[in-house]
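Quick note on numbering: the sequence shown equals residues 0 to 125 in numbering that gives the first Met the number 0.
For glycine and all other residues, C-beta sits at the position ideal for the given N, C-alpha and C.
Down below is the structure, laid out as structure tokens.
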Amino acid sequence: MSEWFIRQEDVEIGPVDGRSLLDMIRGGSVTTDTLVRKNDSAWFQAGAVGGLFEAAAESTTEYFCPDCSSKVVKPPCICPHCGIQLSYARAKVSEHKIQGFQPKPKPKRSNSVQKWLQRVQTPRQK
Ligand SMILES: [Zn+2]
0 MSEWFIRQED
10 VEIGPVDGRS
20 LLDMIRGGSV
30 TTDTLVRKND
40 SAWFQAGAVG
50 GLFEAAAEST
60 TEYFCPDCSS
70 KVVKPPCICP
80 HCGIQLSYAR
90 AKVSEHKIQG
100 FQPKPKPKRS
110 NSVQKWLQRV
120 QTPRQK
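Next comes the structure, spelled out in structure tokens:
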């Protein structure tokens, strides 16, 4: 498993796992300019890690027991509080805005229709 280290001013923080690193990005304590290293690698800017900020910007889903509102893992699961088998749970989706990072806009689904219309409308050139 990857261990991450984060340098903030002269202080080195770590090791943290990937999930904690994502939380730190979401919390704003790690930005694209923050120096990080993975295991024993050299220091590099967090923004250079492919897909890292994209992953942090993705929405996350939390699940809650419909009976007692305890936080549970993705169903099917057993609620740790009431011990009942859950086939579904209440889901809470959280969007994340990352400071100083703009995720690339996802292609719109209507694009293919627009392209198709353009093809139809544009006379063929030979
Ligand atoms: Zn429960």
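Inset, instruction - Examine ligand 1 and report whether any of its heavy atoms sits within less than 8 Å of the Cβ of Ser69. - result: yes
Inset, instruction - Give the C-beta separation of Pro74 and Ser93 to the nearest angstrom, bearing in mind that I take them to be a contact with Cβ-Cβ under 8 Å. - result: With 8 Å as the limit, Pro74 and Ser93 do not qualify as a contact, their Cβ atoms being about 18 Å apart.
Inset, instruction - Check Gly26 in the structure and name its three-state DSSP category. - result: helix
Legend entry - Residues near Val15 by beta carbon distance below 6 Å, same chain, minus five either side: So the qualifying residues of the chain are Trp3.
Inset, instruction - Mark Met23 as exposed unless 16 or more other C-beta atoms lie within 10 angstroms of its C-beta, in which case mark it buried. - result: Met23 is classed as buried because its beta carbon has at least 16 other beta carbons within 10 Å across all chains shown.
Inset, instruction - Taking Phe4 as part of the beta strand (DSSP E), name the residues at either end of that continuous run. - result: Trp3 to Gln7
Legend entry - For Phe63, the three-state DSSP class (helix, strand or coil): strand
Legend entry - Whether Ala47 touches Phe100 by CB criterion (9 Å): no
Inset, instruction - Specify, as a first and last residue, the run of the alpha helix (DSSP H) that Ala54 falls within. - result: Leu51 to Ala56
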